[in-house]
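Below is one structure; the comments refer to it alone.
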Amino acid sequence: MAKTLLLVSTTPASADVEAEYHRWYEEVHVPELKAAIPSITVVNRYRLHPAPGDEAAPPRYLAVYELDEDDAGAATAALFAALPGTTPSDTIDLTGRPPTMEFYSHL
1 MAKTLLLVST TPASADVEAE YHRWYEEVHV PELKAAIPSI TVVNRYRLHP
51 APGDEAAPPR YLAVYELDED DAGAATAALF AALPGTTPSD TIDLTGRPPT
101 MEFYSHL
């Protein structure tokens, strides 16, 4: 069972780059983070289903990282230490619907 969860919500910058966004996330970003942070055991991605009346909103995606790490503070520090060494992507919306990131500890 995961001891810490990292939830990251992102939106592609536009419909034109959505396929590249998914390719980068799956083939570049997730492998780089897993290599840099060995306590990441599983990564699952999900698509948000819009609420009624909000169907025109851009797609939002959630990545759930499971970590075998008791200390959420240490997991946070490891992530922020690893990010500068990862490959950035201009396919992520950083202004209109910027990414969100939350760490949760198992109770």
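Each step along the sequence shown adds one to the number in the UniProt record's numbering, with nothing skipped, and position 66 is 66. Where is the CB? At the ideal position from N, CA and C, for every residue including glycine.
Excluding the 5 residues flanking R45 on each side, which residues of the same chain have their C-beta closer than 8 Å to its C-beta?
Counting from 1 along the sequence shown, the entry for residue 45 is found at position 45. Within the same chain, R45 has close Cβ partners Y25, E26, Y61, L62, A63, V64.
Mapping DSSP to helix, strand and coil, what is T4?
Within the sequence shown, the letter at position 4 stands for residue 4. Residue state, collapsed to three classes: strand.
By how many angstroms is the C-alpha of D68 removed from the C-alpha of A18?
Your numbering for residue 18 matches position 18 in the sequence shown. Your numbering for residue 68 matches position 68 in the sequence shown. One detail in the question is off: residue 18 reads as Glu in this sequence, not Ala. For E18 and D68, the distance between alpha carbons rounds to 31 Å.
Report buried or exposed for P38, applying the criterion of at least 16 other Cβ atoms within 10 angstroms of its Cβ.
Translated into the one-based positions of the sequence shown, residue 38 becomes position 38. When all chains shown are included, P38 counts as exposed.
Can you tell me whether DSSP reads R60 as helix, strand or coil?
Taking the sequence shown and counting its residues from 1, the one referred to as residue 60 is at position 60. The answer is coil: DSSP assigns R60 none of H, G, I, E or B.
What is the residue span of the beta strand (DSSP E) that V42 lies within?
Reading the sequence shown from its first residue, position 42 is the one you call residue 42. Where V42 is concerned, the enclosing beta strand (DSSP E) stretches over 40–47.
Counting pairs of beta carbons, one from the region 3–10 and one from the region 92–99, are three or more of them closer than 8 Å?
yes
Taking just the CA atoms, how far does A81 sit from A57?
In the sequence shown, counting from the first residue as 1, residue 57 sits at position 57. In the sequence shown, counting from the first residue as 1, residue 81 sits at position 81. If you take the alpha carbons of A57 and A81, they lie about 33 Å apart.
When the Cα atoms are used, what is the spatial distance from E20 to G85?
Reading the sequence shown from its first residue, position 20 is the one you call residue 20. Reading the sequence shown from its first residue, position 85 is the one you call residue 85. About 20 Å.
In whole angstroms, give me the CA-to-CA distance for A78 and L33.
Here residue 78 corresponds to residue number 78 of the sequence shown, with the count starting at 1. Here residue 33 corresponds to residue number 33 of the sequence shown, with the count starting at 1. Spanning the two alpha carbons is a distance of roughly 10 Å.
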